[in-house]
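Asks: Take a look at this one; I'll ask things after.
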Amino acid sequence: MDPKEPEAYFRSLDRSFFIDNGIMKNYAHIDGPLPIGYGQTISQPSLVLEMTRLLSPGMDSKVLEIGTGSGYQTAILAKFSAKVYTVERIAELMEKAKKRLEALNFSNICYKVGDGSKGWQEYAPYDRIMVTAAASLLPKELVDQLAVGGRMVIPVGPPSMQELKLVTKTSKGDVHVQTVTAVRFVELKGEYGWNE
Ligand code: SAM
511 MDPKEPEAYF RSLDRSFFID NGIMKNYAHI DGPLPIGYGQ TISQPSLVLE
561 MTRLLSPGMD SKVLEIGTGS GYQTAILAKF SAKVYTVERI AELMEKAKKR
611 LEALNFSNIC YKVGDGSKGW QEYAPYDRIM VTAAASLLPK ELVDQLAVGG
661 RMVIPVGPPS MQELKLVTKT SKGDVHVQTV TAVRFVELKG EYGWNE
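Going letter by letter, the sequence shown gives residues 511 to 706 in our numbering.
See below:
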């Protein structure tokens with residue numbers, strides 16, 4: 511991935527388009543997470559860009575995203591990969607995100623409402639996996655669904671603060687986990703996440 515490419519698209523993307531609440535829309539330009547309802551947040555723009563760079567998708571990549579939320583990160587992933595499979599556990603958020611992404615003319619996104627801590631086995635393996643909610647531990651199912659040579663970006667740790675991890679799978683099938691920075695995300699709920 512050309513490091514300049516996502517930045518230009520990211521800058522052209524109006525974050526207020528992904529926020530419904532009229533008051534919150536006014537804060538869309540601020541570099542911080544904002545509430546999107548249902549106790550969830552739209553991610554911090556600079557972190558969305560940093561995580562996208564770290565994931566480093568290519569135009570031939572099959573990407574699994576866990577935690578669609580508003581669809582903001584999904585749009586950036588869909589712009590720089592072949593196909594995005596996105597999973598969100600809150601149906602109302604997914605419905606709104608899907609409408610926004612369709613309005614932006616994306617036709618390379620598959621949507622699923624369900625428990626993304628289990629991944630999306632049907633289309634595995636994935637070249638890239640982006641998790642935008644905090645897992646208690648690295649979910650084994652997601653590691654299993656990562657392709658050889660693949661990369662996964664995932665926040666892991668307690669609700670108060672997590673470590674952003676870069677997980678890679680080598681050609682021999684070995685799994686390497688690297689800690690990148692400290693972050694704070696909402697919880698990844700579900701079978702391989704925090705209790706519902
Ligand atoms: N990247 C999104 C954006 O830019 O709008 C924000 C994602 S928000 C920080 C995390 C999302 O993960 C929430 O929408 C939450 O409902 C979702 N989530 C939490 N646990 C999940 C699970 N097990 N499966 C799918 N989605 C989950």
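Built from N, CA and C at the ideal position, the CB exists for glycine as well. As the structure is a computational prediction, the values presented were derived from the model and not from experiment.
So, is glutamate 598 buried or exposed, given that buried needs 16 or more other C-beta atoms within 10 angstroms?
Replies: The residue given as residue 598 occupies position 88 in the sequence shown. Flag for glutamate 598 reads buried.
Asks: Using three-state DSSP, classify methionine 561 as helix, strand or coil.
Replies: Taking the first residue of the sequence shown as position 1, residue 561 is located at position 51. Helix at methionine 561.
Asks: Do the segment 611 to 625 and the segment 540 to 547 make contact, defined as three or more Cβ pairs closer than 8 Å?
Replies: no
Asks: To the nearest angstrom, report how far apart arginine 563 and lysine 535 are at their CA atoms.
Replies: By one-based count along the sequence shown, residue 563 stands at place 53. By one-based count along the sequence shown, residue 535 stands at place 25. Using only the alpha carbons, I get a separation of about 26 Å.
Asks: Which runs of the alpha helix (DSSP H), 4 residues or longer, sit entirely within the segment 623 to 669?
Replies: 650 to 654
Asks: Verify the contact flag: alanine 643, CB atom, against every heavy atom of the ligand SAM, threshold strictly below 6 Å.
Replies: By 1-based counting over the sequence shown, the position of residue 643 is 133. Alanine 643 Cβ: within cutoff of the ligand SAM.
Asks: So, with DSSP's three-state summary, where would you put proline 555?
Replies: Counting from 1 along the sequence shown, the entry for residue 555 is found at position 45. Here proline 555 carries a helix assignment [DSSP, helix/strand/coil].
Asks: Name the residue from Asp625, Ile664, Met640, Val658 whose alpha carbon lies nearest to the alpha carbon of lysine 699.
Replies: Here the question's residue 699 lines up with position 189 in the sequence shown. Per the Cα distances, Asp625.
Asks: Is it the case that the Cβ atoms of isoleucine 639 and methionine 604 are separated by a distance below 7 Å?
Replies: Residue numbering aside, residue 639 sits at position 129 when the sequence shown is read from its first letter. Residue numbering aside, residue 604 sits at position 94 when the sequence shown is read from its first letter. Not a contact, by the Cβ cut-off of 7 Å.
Asks: If I follow the unbroken beta strand (DSSP E) through isoleucine 576, where does it start and stop?
Replies: Locating residue 576 in the sequence shown gives position 66, counting from the first residue. In the DSSP assignment, isoleucine 576 falls within the beta strand (DSSP E) that extends over 572 to 576.
Asks: How far does the beta strand (DSSP E) with alanine 588 in it reach, from first residue to last?
Replies: Residue numbering aside, residue 588 sits at position 78 when the sequence shown is read from its first letter. Unbroken run through alanine 588 is the alpha helix (DSSP H), 582 to 589; no beta strand (DSSP E).
Asks: According to DSSP, is lysine 606 part of a helix, a strand, or is it coil?
Replies: Taking the sequence shown and counting its residues from 1, the one referred to as residue 606 is at position 96. Correct three-state label for lysine 606: helix.
Asks: Just to check my reading of the structure: lysine 675 and valine 687 have Cβ atoms closer than 8 Å, yes? What is that Cβ distance to the nearest angstrom?
Replies: For the purposes of this step, residue 675 is taken as the residue at position 165 of the sequence shown. For the purposes of this step, residue 687 is taken as the residue at position 177 of the sequence shown. Indeed they touch by this definition, with Cβ atoms about 5 Å apart.
Asks: What does a CB cutoff of less than 7 Å around threonine 689 pick up in its chain, not counting 5 residues either side in sequence?
Replies: On the sequence shown, residue 689 is found 179 positions in, with the first residue counted as 1. Within its own chain, the residues whose Cβ lies closer than 7 Å to the Cβ of threonine 689, once the five positions on either side in sequence are excluded, are Glu673, Lys675, listed in chain order.
Asks: Since histidine 686 sits in a beta bridge, which residues does DSSP pair it with?
Replies: Within the sequence shown, numbered from 1, the residue matching residue 686 stands at position 176. Within the DSSP secondary-structure output, histidine 686 pairs in a beta bridge with Thr678.
Asks: Give me, in chain order, the residues of the same chain whose beta-carbon lies closer than 8 Å to that of asparagine 618; leave out the 5 immediate sequence neighbours on both sides.
Replies: Looking up residue 618 in the sequence shown gives position 108. Ala588, Ser591, Ala592, Lys593, Val594, listed in sequence order.
Asks: Run the proximity test for glutamate 598: is its beta-carbon closer than 6 Å to any non-hydrogen atom belonging to the ligand SAM?
Replies: Here residue 598 is taken as the residue at index 88 of the sequence shown, counted from 1. Yes, the Cβ of glutamate 598 comes within 6 Å of a heavy atom of the ligand SAM.
Asks: What is the DSSP secondary structure of leucine 544, counted as helix, strand or coil?
Replies: Against the sequence shown, residue 544 aligns to sequence position 34. If DSSP states are grouped into helix, strand and coil, leucine 544 belongs with the strands.
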